[in-house]
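K.L.:
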Amino acid sequence: MNTLRILSKFVLIALLSLSSTEAYSSDSKHKKNKTIKRTPAVAIQGENVHFLDWKVVQEFRQEMLSKYQYDGVEFDNILKQTRFVESAVQLMKPMPAGKPKNWKVYRSRFVETARVNAGVAFWNRNETTLKKAETEFGVPAEIIVGLIGVETIYGKNIGRYNAIDAITTLAFAYPDTPNKEARTLFFKNELAQLLLWGRETKSDVLQIKASYAGAIGLCQFMPSSLRNFAVDYDQDGHIDLRTSEVDAIGSVANYLAKHGWKKDLPYVFPASIHQSSENPEQSKRQIDEFLGKGLRASLTLESLKPYVTTPDVNAPSNILYGVVDLQNGEDPTEFWLASENFFAITQYNRSYFYAMSVIDLGKVINLARTKD
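According to mature numbering (1 follows the signal peptide of the UniProt record, and there is no 0), the stretch in the sequence shown is residues -25 to -1, 1 to 347, in order.
1) Since L240 is in the alpha helix (DSSP H), which residue starts that stretch and which ends it?
2) With a threshold of 8 Å, are at least 3 pairs of Cβ atoms found where one atom belongs to the segment 306 to 314 and the other to the segment 55 to 66?
3) State buried or exposed for T143, treating a residue as buried only when at least 16 other CB atoms are found within 10 Å of its CB.
4) Closest to F328 by C-alpha separation, out of Y136, V243, Y187, would be which residue?
5) Opposite F147 in the DSSP bridges: which residues?
6) Where in the segment 17 to 90 do unbroken runs of the alpha helix (DSSP H), each at least 4 residues long, occur, reported from the N-terminal end onward?
7) So what does K184 bridge to, in DSSP terms?
8) Using only the alpha-carbon positions, how far apart do P75 and E175 sit?
9) Evaluate the contact criterion for the segment 123 to 133 versus the segment 253 to 264: three or more CB pairs, one atom per stretch, below 8 Å.
10) Output needed for W172: all residues of its chain with C-beta closer than 8 Å, excluding positions within five of it in sequence on either side, in chain order.
11) Which two residues bound the contiguous alpha helix (DSSP H) that contains E156?
12) Name the two residues that bound the continuous beta strand (DSSP E) containing L312.
13) My guess is that I119 and A108 are in contact by the Cβ rule of under 8 Å, so how many angstroms apart are they, rounded?
14) How many angstroms separate the CA atom of M331 from the CA atom of F317?
15) Look up N303 in the DSSP assignment and give the residues it is bridged to.
16) Does the Cβ of E102 lie closer than 7 Å to at least one heavy atom of the ligand NAD?
17) Which two residues bound the contiguous alpha helix (DSSP H) that contains P255?
18) Who are the Cβ neighbours of P281 in its own chain at under 7 Å, not counting the five residues just before and after it?
19) Is V114 helix, strand or coil when you go by DSSP?
20) Alpha carbon to alpha carbon, what distance is there between D140 and P150?
21) For G121, which option in E34, L342, I334 has the closest C-alpha, if you only look at C-alpha atoms?
22) Take the Cβ of M39 as the centre, count every other Cβ of all protein chains shown within 10 Å, and call the residue buried at 16 or more, exposed below.
23) Span of the alpha helix (DSSP H) holding K346?
24) Output the distance between the C-alpha atoms of R217 and L279, rounded to the nearest integer angstrom.
25) From the DSSP output, in three-state form, read off D121 for me.
26) Quick check on this structure: which residue in G113, S41, D215, A138 has the alpha carbon closest to the alpha carbon of L166?
27) If you reduce the DSSP assignment to three classes, tell me which class T285 lands in.
28) Beta carbon of N77, beta carbon of G304: below 8 Å?
29) Can you round the beta-carbon distance between T275 and L295 to whole angstroms, since I take them to be within the 8 Å contact cut?
30) Under a Cβ-count criterion, where at least 16 other Cβ atoms within 10 Å of its own Cβ denotes burial, should Q168 be classed as buried or exposed?
31) Determine the burial state of K163: buried for a count of at least 16 other Cβ atoms within 10 Å of its Cβ, exposed for fewer.
32) If contacts are defined as beta-carbon pairs under 8 Å, then H234 and A319 qualify, I think. What distance do you get, rounded to the angstrom?
33) If you reduce the DSSP assignment to three classes, tell me which class S292 lands in.
34) May I have the straight-line CA-CA distance separating R344 from N52, to the nearest angstrom?
35) Taking the alpha carbon of I241 as the reference point, which residue from F196, E277, I262, V114 has its own alpha carbon closest?
This is the structure in structure tokens:
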């Protein structure tokens, strides 16, 4: 799926992005793989990069052959034409420490007029499909529309990288970061999933466009999600997340349903934090414990008292919650009680800011449609 980066990184894409091949077409999976002549990649240092010369790539090749019975000739043909993308490596590096996180600033990037107007148009032309998905999967239209809007502005920003280039580069040349080992394993798995998906669907993996992290289509699915959760919702015989809005809608709904979405469960409720003047240290420890529960709902309203409450009388007492903090720079932090549905969205992107942006954008678009 689309991992979101701050605006300054977009400049880097323009400066460092390598040339790309033709866009992935909706009927590409019905065509035989073609050998496309592509010049060897040139790293930023100026040396030619041939992935098949790398020991780690040969080890991965052997794993693909033994574990998945992948064709060695096909593997070599693909990797010979795969390019090293230095800009993808640079974009994965952590940004220098700067200003504190600011939810209001983050939100303003996504809940804005152009995106809302595009969302209204997307909803209107897909109203029947959205109703069908809501009935079948239990995921409200506003959540599906909000998510696709945050990810790609309804297909406007689906990425200009070749998925095979970006994922291969990150699988074998991930930058030196504290989580390098875990991320390397992640991208190796995604590379395997991409190759397997290409074999299963007879798609030319050299032609699939993606983000710099390898996320594909309107809903920015990583290859593992493409294999496991994408659906042919328009029933035309193949899955096309790049141009089929119907397939994207059904795939998002299916993904959320498979990751814990519960029909008719509310998303979030505003929360108030209360610290005891008599024992402020104990209060802080308890609140920090609530905030440290991770991306899951595991607390009852009763267990949160007296430290965390909600002024919303409609908050159900028979469901579980998590406490969410949205930092606002130098301004006071916003606190929310989040249900399992909120945390289902965080399985798409592990960020409170992301999940709340999806919710807010969807609600604003829904309201705009009602006014129209």
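All residues carry an ideal CB built from backbone N, CA and C; glycine is no exception.
P.N.:
On the basis of the data shown:
1) It is not in any alpha helix (DSSP H) - L240 carries neither H nor E in the DSSP assignment.
2) No, because fewer than three Cβ pairs between the segment 306 to 314 and the segment 55 to 66 fall closer than 8 Å, the two stretches do not touch.
3) Taking all protein chains shown into account, T143 has 16 or more neighbouring C-beta atoms within 10 Å of its C-beta and is therefore buried.
4) Here the closest residue by C-alpha is V243.
5) Looking at the DSSP output, F147 sits in no beta bridge, so it has no partner there.
6) Within the segment 17 to 90, the alpha helix (DSSP H) runs of at least 4 residues that lie entirely inside it are, in chain order, 30 to 43, 47 to 55, 61 to 66, 78 to 85.
7) Under the DSSP definition of a beta bridge, K184 partners with N137.
8) 45 Å
9) no
10) S178, V180, P198, L201, R202
11) 155 to 176
12) 306 to 313
13) 6 Å
14) One alpha carbon belongs to M331, the other to F317, and they sit about 8 Å apart.
15) N77, D306
16) Absence of the ligand NAD from the depicted structure is noted, as is the absence of any ligand whatsoever, leaving it without description.
17) 255 to 266
18) H249
19) coil
20) 16 Å
21) I334
22) buried
23) Residues 327 to 346.
24) 44 Å
25) The amino acid at residue 121 is misidentified as Asp; the sequence shows Gly. Reduced to three states, the DSSP call for G121 is helix.
26) Looking only at G113, S41, D215, A138, the smallest Cα-Cα distance to L166 is reached by A138.
27) coil
28) yes
29) Contact holds; Cβ gap of about 6 Å.
30) buried
31) Buried, since its Cβ has 16 or more Cβ neighbours within 10 Å.
32) 5 Å
33) coil
34) 50 Å
35) One detail in the question is off: residue 241 reads as Pro in this sequence, not Ile. Sorting F196, E277, I262, V114 by C-alpha distance to the C-alpha of P241 places V114 at the top.
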